[in-house]
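All letters in the sequence shown, in the order written, are residues 167 to 273 by this note's numbering. Positions of the beta carbon are idealized from the N, C-alpha and C atoms, including for glycine. Note that the structure is predicted; figures quoted are calculated from it, not measured. Each remark here refers to the structure printed beneath this line.
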Amino acid sequence: MENRILGKSVAILHRREQKYMTKIMKEYGIGYSSYNFLFYLSANPGSSQKETCENMAVDEALAVRTMKKLQEQQLMVSGLEKMASYSEKVLHNIKTQQEEVHGRETE
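As structure tokens, this is what we get:
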């Protein structure tokens, strides 16, 4: 009997949390699924799409749609975009260091 009461209480809490978060995220143009993905990915940075789907127990089609929407809203970037951004920063730093060294040599 206690397990039934506990289960019912957990279900009620989950529905209330879902309702509350849907209301709050609506202000930002984010649905409940998008919120869950953002929450998961913030706690598990670098997770692959496959890992994310397995751990969140969602199918890959939902993950693709949700992640594409989040990228369009500029709320997340793909791994390739992160790598490109990182590469640009590294190249910029190298170029800056070379300019500093060559600038010192000519002085």
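Q) Nearest to Leu-207 by CA position, among Gly-195, Met-191, Tyr-186, Thr-232, is which residue? A) Minimum Cα-Cα distance from Leu-207 among the listed residues Gly-195, Met-191, Tyr-186, Thr-232 corresponds to Thr-232.
Q | Cβ-based neighbour list, Met-187, same chain, cut-off 8 angstroms, excluding 5 preceding and 5 following | A | Tyr-198, Tyr-201
Q. From Lys-216 to Met-222, what distance separates their C-alpha atoms?
A. If I take the Cα positions, the gap works out to 10 angstroms.
Q | Met-242, DSSP secondary structure in three states | A | coil
Q: Have a look at Lys-185 and Thr-262 and give me their C-alpha separation to the nearest angstrom.
A: 50 angstroms
Q.
For Gly-197, report the span of its alpha helix (DSSP H) as first-last.
A. Taken as a continuous stretch (DSSP letters only), Gly-197 belongs to no alpha helix (DSSP H), as it is neither H nor E.
Q) Could you give the distance in angstroms between the alpha-carbon of Ala-250 and the alpha-carbon of Val-243? A) For Ala-250, the pLDDT reaches just 47, beneath the cut-off of 50, and the residue's location in the model is therefore unreliable, although a value from the coordinates is still provided. One C-alpha to the other measures close to 11 angstroms.
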